[in-house]
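Numbering (the working numbering), first residue to last: 188 to 432.
Glycine included, C-beta positions come from ideal geometry on N, C-alpha and C.
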């Protein structure tokens with residue numbers, strides 16, 4: 188069974204994401220176990236009226252844009268500590284700001300992202316004992332640096348050193364943040380239509396807005412296939428280790 192750590196969207200909470208994932212959980216059955224972590228910043232303001240009507244406060248977010256890099260790095264360390272204590276997890280799944288946070292965490296663990304190689308390596312060394320999730324699912328994701336053009340490790344001053352993990356990107360065609368989701372896939376993970384033929388990564392599109400797809404069959408199939416390939420890689424690595432290779 189694959190373990191997936193879920194990171195919710197801006198000013199929502201785990202209860203909201205449980206509802207978002209309900210149909211997907213039915214499709215995947217017992218092949219995947221979903222775990223939830225709520226952001227380090229809490230408040231009484233919901234992302235929108237729908238969230239407020241669906242679930243009671245508090246609501247959470249991963250960082251405050253005005254806190255800049257300090258807030259973002261605090262979120263990265265917060266998630267990394269949870270993985271250290273409760274992991275390992277096979278994958279991260281993030282919605283919207285949660286996908287940005289998942290990307291920032293994976294970038295830190297792999298020494299990827301924007302910024303100088305020296306700074307990226309320092310953060311990678313700091314988190315060297317954190318088990319790395321091996322793939323990621325970004326639903327209506329936005330780039331980690333979307334709100335902070337001068338950011339230290341994830342700022343736009345440098346070309347992205349891409350995150351070297353397979354990824355699934357769910358993009359809503361009617362989503363106002365659609366271009367951000369496409370930028371996240373291409374710049375941060377190297378996932379473009381041309382690159383998909385030779386990649387384990389996938390792009391799943393749906394005709395709706397900033398939400399999970401109403402029909403989750405395609406997303407469930409993509410996750411199931413990535414889990415299968417990941418298990419095969421782990422089995423092969425174990426076989427080679429046992430053979431002394």
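On the CB-based measure, 16 or more other CB atoms within 10 Å of its CB, does residue i come out buried or exposed?
{"i": "residue 389", "result": "buried"}
{"i": "residue 396", "result": "exposed"}
{"i": "residue 200", "result": "buried"}
{"i": "residue 341", "result": "Confidence in residue 341 is poor, its pLDDT being 47 and thus under 50, which makes the residue's placement unreliable; the coordinate value appears in the next sentence. Buried, because 16 or more other Cβ atoms sit within 10 Å of the Cβ of residue 341."}
{"i": "residue 216", "result": "exposed"}
{"i": "residue 338", "result": "Here residue 338 scores only 46 on pLDDT, less than 50, and its place in the model should not be relied on; the value that follows carries that caveat. It is buried - the Cβ of residue 338 has at least 16 other Cβ atoms within 10 Å."}
{"i": "residue 211", "result": "buried"}
{"i": "residue 419", "result": "exposed"}
{"i": "residue 196", "result": "buried"}
{"i": "residue 431", "result": "exposed"}
{"i": "residue 303", "result": "exposed"}
{"i": "residue 421", "result": "exposed"}
{"i": "residue 310", "result": "buried"}
{"i": "residue 314", "result": "buried"}
{"i": "residue 368", "result": "buried"}
Give me, in chain order, the residues of the same chain whose beta-carbon lies closer than 6 Å to that of residue i; leave out the 5 immediate sequence neighbours on both sides.
{"i": "residue 266", "result": "292"}
{"i": "residue 228", "result": "248"}
Once you ignore the five residues that flank residue i on each side, which residues in its own chain have a CB closer than 7 Å to its CB?
{"i": "residue 334", "result": "Residue confidence is low: residue 334 scores 48 on pLDDT, short of 50, so the model does not pin down where it sits. Its coordinate-derived value is still stated next. Closer than 7 Å at Cβ, skipping near neighbours: 252."}
{"i": "residue 324", "result": "278, 280, 355 and 410"}
{"i": "residue 417", "result": "277, 321 and 322"}
{"i": "residue 404", "result": "214"}
{"i": "residue 143", "result": "Here the chain comprises residues numbered 188 to 432, so residue 143 is not present and cannot be evaluated."}
{"i": "residue 317", "result": "267, 270, 271 and 296"}
{"i": "residue 203", "result": "195, 238, 241 and 242"}
{"i": "residue 377", "result": "349"}
{"i": "residue 364", "result": "327, 329 and 397"}
For my contact list, residue i and residue j are in at a C-beta cut-off of 8 Å; report their separation, rounded to the angstrom.
{"i": "residue 328", "j": "residue 286", "result": "3 Å"}
{"i": "residue 294", "j": "residue 189", "result": "The Cβ separation is near 22 Å, so there is no contact."}
{"i": "residue 407", "j": "residue 214", "result": "4 Å"}
{"i": "residue 399", "j": "residue 207", "result": "5 Å"}
{"i": "residue 270", "j": "residue 192", "result": "7 Å"}
Please list, in chain order, all residues of the same chain as residue i whose beta carbon is under 8 Å from its beta carbon, the five residues on each side excluded.
{"i": "residue 198", "result": "230, 232, 233, 234, 238, 246, 247 and 248"}
{"i": "residue 288", "result": "194, 226, 249, 250, 262, 263, 266, 281 and 331"}
{"i": "residue 205", "result": "223"}
{"i": "residue 474", "result": "Examination of residue 474 is not possible in this model, given that the chain is present from 188 through 432 alone."}
{"i": "residue 374", "result": "330, 347 and 349"}
Compare the Cα-Cα distances from residue i to each of the options and report the closest residue.
{"i": "residue 371", "options": "269, 312 and 346", "result": "346"}
{"i": "residue 218", "options": "423, 250, 411 and 401", "result": "411"}
{"i": "residue 319", "options": "377, 326 and 351", "result": "351"}
{"i": "residue 259", "options": "360, 205, 377 and 284", "result": "284"}
{"i": "residue 326", "options": "424, 362 and 349", "result": "362"}
{"i": "residue 414", "options": "387, 375 and 379", "result": "387"}
{"i": "residue 366", "options": "202, 349, 392 and 353", "result": "392"}
{"i": "residue 312", "options": "297, 303 and 301", "result": "297"}
{"i": "residue 353", "options": "379, 222 and 228", "result": "379"}
{"i": "residue 394", "options": "364, 209, 358 and 382", "result": "358"}
{"i": "residue 274", "options": "369, 221, 401 and 228", "result": "221"}
{"i": "residue 209", "options": "364, 424, 402 and 305", "result": "402"}
In terms of DSSP beta bridges, what is residue i paired with?
{"i": "residue 224", "result": "194"}
{"i": "residue 290", "result": "Answer by DSSP bridge pairing: none, since residue 290 is not bridged."}
{"i": "residue 499", "result": "Beyond the ends of the chain as shown, which are 188 and 432, falls residue 499; an answer cannot be given."}
{"i": "residue 189", "result": "219"}
{"i": "residue 355", "result": "324 and 389"}
{"i": "residue 372", "result": "According to DSSP, residue 372 bridges with nothing at all."}
{"i": "residue 276", "result": "In the DSSP output, where bridge partners are listed per residue, residue 276 has none listed."}
{"i": "residue 348", "result": "300"}
{"i": "residue 399", "result": "None; residue 399 has no bridge partner."}
Are any of the Cβ atoms in chain C nearer than 7 Å to that of residue i?
{"i": "residue 332", "result": "Chain labels in this structure do not include chain C; a single protein chain is all it has."}
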